[in-house]
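This report concerns only the one structure given below.
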Amino acid sequence: MLAGSLSAVQAETLTILHIGDQESWLISAQGNLRNDASQPISFYGGIDRLATVVANRKAAAPGTVLTLNAGDSFLPGPRLTASFANLATAHPDGGQDFYDAIANRRIGVDATTFGNHEFDLDNTGPVAARFAQVSGTTYLSVNLDFSVTPQFADLAAQGKVAASKVFTTAGGKKVGVIGVTTPLLPSISSPPAGIMKNWSAGNSELQNLQALLPLVQAEIDDLRNNQGVSVIVVMSHLQNAQNETGVMIPGLRGVDLVISGGGHELMTDSDDLLINSGVAPTYTQHPITALDAEGKAVPLVTGHFGNRYVGELRIDVDDSTGRVKGLLGSKMIRVSGAAADADAVTGDATIQAQVVQPVSSYIAALNAQVIGTTGVKLNGPTHVACSPAPCQYVAGVRNADTGLGNLVADAQRFAGKAEVAIQNGGGIRTSIAVPGNVTVGDTFNVLPFTNLVKRAPAMNAAQLKDLMEHSVAASTPTGSAQGRFAQVSGMQVVYDTTRTPRGTAVGSGDRIRRIVLDDGTVLVDNGQVVSPRVFSFATIDFTANGGDGYPFAANGVVFENNVNTITYQEALASFIRAPKAEGGLQRLNAADGDEITANMYGIENAFDRHGRLIDLAVAQSTPGIVINGTAGRDTLVGTAGDDVITGGAGADTLTGGAGGDRFVYTSVRDAGDTITDFTPYADKIDLSALLASLGVVGDGVASGHIGRVDVIGGVQLLIDTDGSAGPIAPRPLVLLKGLTAAQFVPGRDLIGNTAP
315 MLAGSLSAVQ AETLTILHIG DQESWLISAQ GNLRNDASQP ISFYGGIDRL
365 ATVVANRKAA APGTVLTLNA GDSFLPGPRL TASFANLATA HPDGGQDFYD
415 AIANRRIGVD ATTFGNHEFD LDNTGPVAAR FAQVSGTTYL SVNLDFSVTP
465 QFADLAAQGK VAASKVFTTA GGKKVGVIGV TTPLLPSISS PPAGIMKNWS
515 AGNSELQNLQ ALLPLVQAEI DDLRNNQGVS VIVVMSHLQN AQNETGVMIP
565 GLRGVDLVIS GGGHELMTDS DDLLINSGVA PTYTQHPITA LDAEGKAVPL
615 VTGHFGNRYV GELRIDVDDS TGRVKGLLGS KMIRVSGAAA DADAVTGDAT
665 IQAQVVQPVS SYIAALNAQV IGTTGVKLNG PTHVACSPAP CQYVAGVRNA
715 DTGLGNLVAD AQRFAGKAEV AIQNGGGIRT SIAVPGNVTV GDTFNVLPFT
765 NLVKRAPAMN AAQLKDLMEH SVAASTPTGS AQGRFAQVSG MQVVYDTTRT
815 PRGTAVGSGD RIRRIVLDDG TVLVDNGQVV SPRVFSFATI DFTANGGDGY
865 PFAANGVVFE NNVNTITYQE ALASFIRAPK AEGGLQRLNA ADGDEITANM
915 YGIENAFDRH GRLIDLAVAQ STPGIVINGT AGRDTLVGTA GDDVITGGAG
965 ADTLTGGAGG DRFVYTSVRD AGDTITDFTP YADKIDLSAL LASLGVVGDG
1015 VASGHIGRVD VIGGVQLLID TDGSAGPIAP RPLVLLKGLT AAQFVPGRDL
1065 IGNTAP
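Just so we're aligned, residue 315 is where the sequence shown starts under our numbering, counting upward by one.
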């Protein structure tokens, strides 16, 4: 809390209330639940409650009050979709309205900066311009060219979009507010072509940031020199407050205050109240400061995200000169509806009726929608330790890999367009207990938090090993449950919980013995990093920001400098619904069976040496048998052990059973089989003898001798005896039921011919 005292005769108080990154969090800070006892965070946030906090602070503030919004007023997703479904002709002009706009009109936002999310849907039409038109505020950006579309040009002529806006206080002082939009806009959103000023696709983000500074400075100078403005506020949506403190503020002069948006940082003073179950502060003071080009300390604030807090600054304005003398006070006010909180508020009744209730009803109906089916129970937090060792603990997401953990991690890898992904077990909150329909509501129950998917474009093996050392550092052979325990995608990790755990130092720990990427690249072997390979990586912002103690920062892992807008719940739902041709799970034909199949997402056995996560302290090999078919149409069934099955000639039906099974093909005469339960990470298709008979070295994929294609019911492996260059057409080799082409990875699931 900043404080000061001045004579009322000498100064005028200007109060600024700031919000930002509202992102359609209309119902609560949980997202889609409201006042649900199982989710304490659902008693916080909510646009109606934020409106009450703003109204209360306006009523209590001396002098002039400005309410400013740092951008991203809405976000594509189910809550925004409710507007398109219900409000297509609801605005008084007969056109599209938005629940987010209805609320902000009621709140009375004086100016808003264009963020990136305003443009997320502009590839389908001028959504950003329409929202600005009906928002009840003036949308600002000095580095956007509003002449590029007729809609924006019309709004500019009306003064509804502009580079800046001037306000006059009760005492006659002029306050200029300038908007700045992230130069990342073309790469992270879908704006109209040519809308960026002083921008080049060939520049780095830093170069484009530096290039826009002359635009901002020219606007500052014009406001001060030609329009009589004495107080300058720059409201910039640059995705990360460090862009303002490290680049923008040091490159400008004449700025009195910066309001940052896009980074979701939380700034609080020690006497500010935090949201229960919310995000920890990024900065433990509000505001922070940075030196401008003339060495003046410029305060910077940001408002977190999701209608969770309202920031307040009381500014001391000199009564004679109109210049800012300092700050009289600052506060970050949480938005609480929890009855036990002394600061709890009752939501604005109009917004409750016109926004919160209809959006909640829309979401409730959406949550009842079936998005797929599962053929198996999806095992989440069932973890139970045992004592003493040796014993068999109950496997769950905090002590072993499970089908549900694998599914969630795969969804993050899919959403992040990454090669590897991890999900902390503590973020998975319940199981899907029985086979059958999976609804959107199930995905919210499994993944209830507001965690966002984050992507690191480049990670190396040493970094990944250290992260995985942290994952299993507190794990034990008796299955102790650890929230940090990582469910993984895109790799197999072998570790030993009897060896030395990671300490506090990067690179310490000796538990991770082997890491192999799905494409077959061995990153770590016998505890040593053996590959220089660099790969992309995805996780949630909770762990990316150091949650559960994850040492991303200590390892120098750099995440993309933009807020990935998809929550891990939305990633899961989208993965299930995405077409299998795009790498998702959706089956459009009933004959395809379940989206979530037992052989891909069944409950893993933590006590065999198969799966994505293998603890050598407890895992054991289970010997199987050798089974050979005849030249006829055989039906062969393996044991619970590691079987070797050769169907031989004829179209055979093969079932491996549990364990790690090897299905052997020695000749093209073996083609035509069906394997009912091929399980990635456990089973193998052994084509070494078949490929050798064709004179092919390797797995035959690059040469076109082996292919794979989605068919009804599974993935069909194809054999082409003369490769892709020859005239002979490929023929079916074996159908793997219950899988998609994307789920069969040759580098992981196929044994090729290694003989020269």
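The beta carbon of each residue, even a glycine, is placed where N, CA and C say it ideally should be.
Sheet register partners of residue i (DSSP bridge)
i, result
"Asp922", "Gln934"
"Gln842", "Asp839"
"Arg976", "Val958, Lys998"
"Ala800", "Asn738"
"Ile989", "Leu968, Leu1050"
"Pro893", "Gln900"
"Gly1021", "Leu1032"
"Thr603", "Pro613"
"Thr452", "Ala425"
"Ala725", "According to DSSP, Ala725 bridges with nothing at all."
"Asp630", "Thr327, Gly640"
"Ile941", "Ile959"
"Thr687", "Asn751"
"Met782", "Answer is none; Met782 lacks a bridge partner."
Within 8 Å, strictly: CB atoms of residue i and residue j
i, j, result
"Ser643", "Glu733", "Note on identity: in this sequence residue 643 is Gly, with Ser being the wrong assignment. It is not a contact, given that the beta carbons lie outside the stated cut-off."
"Gly694", "Ser650", "no"
"Val978", "Thr960", "yes"
"Thr792", "Ala933", "no"
"Asn349", "Ser356", "yes"
"Gln900", "Thr757", "no"
"Pro937", "Asp908", "no"
"Val548", "Val530", "yes"
"Ser503", "Asp434", "yes"
"Arg976", "Val951", "no"
"Gly898", "Phe728", "yes"
"Val669", "Ala417", "yes"
"Ala714", "Ala920", "yes"
"Val569", "Ile602", "no"
"Val711", "Leu718", "yes"
"Asp362", "Ile665", "yes"
"His551", "Glu579", "no"
The alpha helix (DSSP H) enclosing residue i, as first and last residue numbers
i, result
"Leu552", "Looking at the DSSP string, Leu552 is not in any alpha helix (DSSP H), and its letter there is neither H nor E."
"Met914", "912-915"
"Phe445", "441-448"
"Asp855", "855-858"
"Asp1063", "1060-1063"
"Phe466", "464-472"
"Leu927", "Note, Leu927: premise wrong, no alpha helix (DSSP H); beta strand (DSSP E) at 927-929."
"Ile677", "671-681"
Residue i versus the options, residue with shortest Cα-Cα distance
i, options, result
"Ala365", "Ala852, Leu718, Gly661", "Gly661"
"Arg828", "Leu927, Asn512, Asp434, Gln344", "Leu927"
"Gly917", "Val379, Val690, Thr853", "The sequence given here has Ile at residue 917, not Gly. Among Val379, Val690, Thr853, the Cα nearest to that of Ile917 is on Val690."
"Leu614", "Arg622, Asn621, Tyr597, Asp632", "Tyr597"
"Leu1004", "Thr990, Gly962, Val1029", "Gly962"
"Ser501", "Ile742, Ser518, Val872", "Ser518"
"Gly1027", "Leu1049, Phe481, Thr403", "Leu1049"
"Thr911", "Ser822, Phe873, Thr1054", "Thr1054"
"Ala654", "Val871, Asn590, Arg371, Gly717", "Asn590"
"Asp459", "Ala446, Ala477, Arg637", "Ala477"
"Ser449", "Asn457, Asn437, Leu469, Ser461", "Leu469"
"Thr990", "Asp966, Ala1006, Ile509, Asp335", "Asp966"
"Ser574", "Glu558, Leu587, Asp585, Arg567", "Glu558"
Proximity test, residue i beta-carbon vs the ligand GDP heavy atom, cut-off 7 Å
i, result
"Gln531", "Only the bare structure without any ligand can be found here, which leaves the ligand GDP out of the picture."
Start and end residues, beta strand (DSSP E) containing residue i
i, result
"His332", "325-333"
"Gln1030", "1028-1033"
"Thr427", "425-427"
"Gln806", "805-809"
"Met773", "767-774"
"Asp586", "Per DSSP, Asp586 belongs to no beta strand (DSSP E) and is neither H nor E."
"Ile826", "826-831"
"Phe758", "No beta strand (DSSP E) holds Phe758; the alpha helix (DSSP H) holding it covers 754-760."
"Ser650", "Taken as a continuous stretch (DSSP letters only), Ser650 belongs to no beta strand (DSSP E), as it is neither H nor E."
"Val711", "From DSSP, Val711 is part of no beta strand (DSSP E); its letter is neither H nor E."
"Thr482", "478-482"
Which runs of the beta strand (DSSP E) fall wholly inside the region 488-529 and span at least 3 residues, in chain order?
488-495
Note down, one range per segment and in chain order, each beta strand (DSSP E) of at least 3 residues found wholly within the region 355-415.
378-383
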